[in-house]
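Engineer: Residue numbers (our numbering): 10 to 382. Sharing a structure, written as structure tokens. Questions coming.
Shown next as structure tokens:
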């Protein structure tokens, strides 16, 4: 059987009874859309983060898009973010009518280079979207000071950072609003698409709840346009409520897997060797993915296929190099660190229920391939 970077079946086997009970509860409730499960999850997810407001939406992309719109970002505005991210981050910025402006990332942690943000600000800049990538947080303190100085909004992209912390503060609590994805692979994942936006601003929350429901503030009465049909459904909300109670256990499991990789691969690091994930001082990493780096990445991935191991690249194409974003005007070479990383990074299997024997098989195969280089 081929080993892949993610597999939900071991987790489902352990949690099957609870998951199916959640489905039965919703199906027997008589309400399938915007009912008690959605309201309960919104309140409990917000409470986990210590913020007053949460709004469930249909996916993480719309969490970013509606989050920006709720903050007043739209056509004519510029939003500073990174190209080293999943394309949906940038798709959402464009979907809100704004123009993405990219800064490069840092070579050691692959996160937004906050020192480059000030130079990217123009009179049209209205917001910054830091992406808490791979499971750890961007350095938010200087970014927040910069935003306050220039009157900019911050929308945190937390799709890959459920439960991650920066100096004790949870991802999603350090900006004006925060967008989350509950795609099945996430640290907190549903059994399909889902998303949410958190905020401490009552007006932003009111905007969000109108935006996700056609722009209505009551049934059949539209108070704003454009509106969207972007609701988190009851089944996924109830499953997420159950899984939220286990979130800290999921994070502990991911950290155990990460420690095992570090222990058994740490001797292979060094100049020209394998680069393992670096956790920044003050950060609590949740290892959404375990991203390593090697200059001969493509050879390694191809060789591991002979061991029935199929690894992933997060991400092979920087967003600014994609033909769909050519009109943004970022030629190859404009974000050198991002572009270099795209040719060298790859992900090892990472999920909390990853069996130790499967992880050991990956480690042994990787060590064997590296020994031939």
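For glycine and all other residues, C-beta sits at the position ideal for the given N, C-alpha and C.
Closest to residue 177 by C-alpha separation, out of 349, 84, 294, 308, would be which residue?
Structural biologist: For the purposes of this step, residue 177 is taken as residue 168 along the chain shown, with counting starting at 1. Residue 294 is the option with its Cα nearest to residue 177.
Engineer: Can you give the Cα-Cα distance for residue 234 and residue 215, rounded to whole angstroms?
Structural biologist: Within the chain shown, residue 234 is the residue found at index 225, counting from 1. Within the chain shown, residue 215 is the residue found at index 206, counting from 1. Near 14 Å, if we compare the C-alpha coordinates of residue 215 and residue 234.
Engineer: Using 10 angstroms around the beta-carbon of residue 11, count the other beta-carbons present and answer buried if the total reaches 16, otherwise exposed.
Structural biologist: As a working mapping, residue 11 is identified with position 2 in the chain shown. So residue 11 ends up on the exposed side.
Engineer: When DSSP builds the beta bridges, which residues end up paired with residue 231?
Structural biologist: As a first step, residue 231 is located in the chain shown; it is residue number 222 there, counting from the start. Residue 231 pairs with 225.
Engineer: Roughly how far, in whole angstroms, is the beta-carbon of residue 175 from the beta-carbon of residue 292, given that I think they are within contact range, below 8 Å?
Structural biologist: The residue you call residue 175 lines up with position 166 of the chain shown. The residue you call residue 292 lines up with position 283 of the chain shown. The Cβ separation is near 6 Å, so the contact holds.
Engineer: Pull up the DSSP beta-bridge partners for residue 302, would you.
Structural biologist: In the chain shown, residue 302 corresponds to position 293, counting from 1. Bridge partners of residue 302: 284, 354.
Engineer: Can you tell me which residues form a DSSP beta bridge with residue 13?
Structural biologist: To locate residue 13, count along the chain shown from 1; it is residue 4. 319.
Engineer: Look at the Cβ atom of residue 89, then the Cβ atom of residue 163, and state whether they are nearer than 7 Å.
Structural biologist: Position 80 of the chain shown holds residue 89. Position 154 of the chain shown holds residue 163. Judged by beta-carbon spacing, residue 163 lies beyond the 7 Å limit of residue 89, meaning their Cβ atoms are not closer than that value.
Engineer: Under a three-way DSSP split, which group does residue 109 fall into?
Structural biologist: Here residue 109 refers to the residue found at position 100 of the chain shown. In the structure shown, residue 109 sits in a strand (DSSP, three-state: E or B).
Engineer: Could you check whether the Cβ of residue 379 sits closer than 7 Å to any Cβ belonging to chain C?
Structural biologist: Of the chains in the structure shown, none is chain C; there is only one protein chain.
Engineer: Pick out whichever of 42, 313, 289, 320 has its Cα sitting closest to the Cα of residue 141.
Structural biologist: Position 132 of the chain shown holds residue 141. For the residues 42, 313, 289, 320, the minimum Cα distance to residue 141 belongs to 289.
Engineer: Taking the beta carbon of residue 286 as the centre, do at least 16 other beta carbons fall within 10 Å, making it buried, or is it exposed?
Structural biologist: Taking the first residue of the chain shown as position 1, residue 286 is located at position 277. If you draw a 10 Å sphere on the C-beta of residue 286, you find 16 or more other C-beta atoms in it, and that means buried.
Engineer: If I follow the unbroken alpha helix (DSSP H) through residue 25, where does it start and stop?
Structural biologist: Walking along the chain shown from the start, residue 25 turns up at place 16. Note, residue 25: alpha helix (DSSP H), 18–36.
Engineer: When burial is assigned at 16 or more other CB atoms within 10 Å of the CB, is residue 219 buried or exposed?
Structural biologist: What you label residue 219 is simply residue 210 of the chain shown in a count that begins at 1. Buried is the call here.
Engineer: With a CB to CB cut of under 6 Å and the five nearest residues on each side skipped, what residues in its chain are close to residue 203?
Structural biologist: Residue mapping note: residue 203 aligns to position 194 of the chain shown, counting from 1. Same-chain partners within the cutoff: 191, 241, 245.
Engineer: List the DSSP bridge partners of residue 189.
Structural biologist: Here residue 189 refers to the residue found at position 180 when the chain shown is read from its first residue. In DSSP, residue 189 forms a bridge with 205.
Engineer: For residue 254 and residue 360, I'd like the C-alpha separation in whole angstroms.
Structural biologist: One-based indexing of the chain shown puts residue 254 at position 245. One-based indexing of the chain shown puts residue 360 at position 351. Rounded to whole angstroms, residue 254 to residue 360 spans 17 Å at the Cα level.
Engineer: On the criterion of 16 or more Cβ atoms from any shown chain inside 10 Å, does residue 38 qualify as buried, or is it exposed?
Structural biologist: Position 29 of the chain shown, counted from the first residue, corresponds to residue 38. Burial call: exposed.
Engineer: For residue 278, count neighbouring Cβ atoms within 10 angstroms of its own Cβ and tell me buried if that reaches 16, exposed if not.
Structural biologist: By one-based count along the chain shown, residue 278 stands at place 269. Exposed: under 16 other Cβ atoms inside 10 Å.
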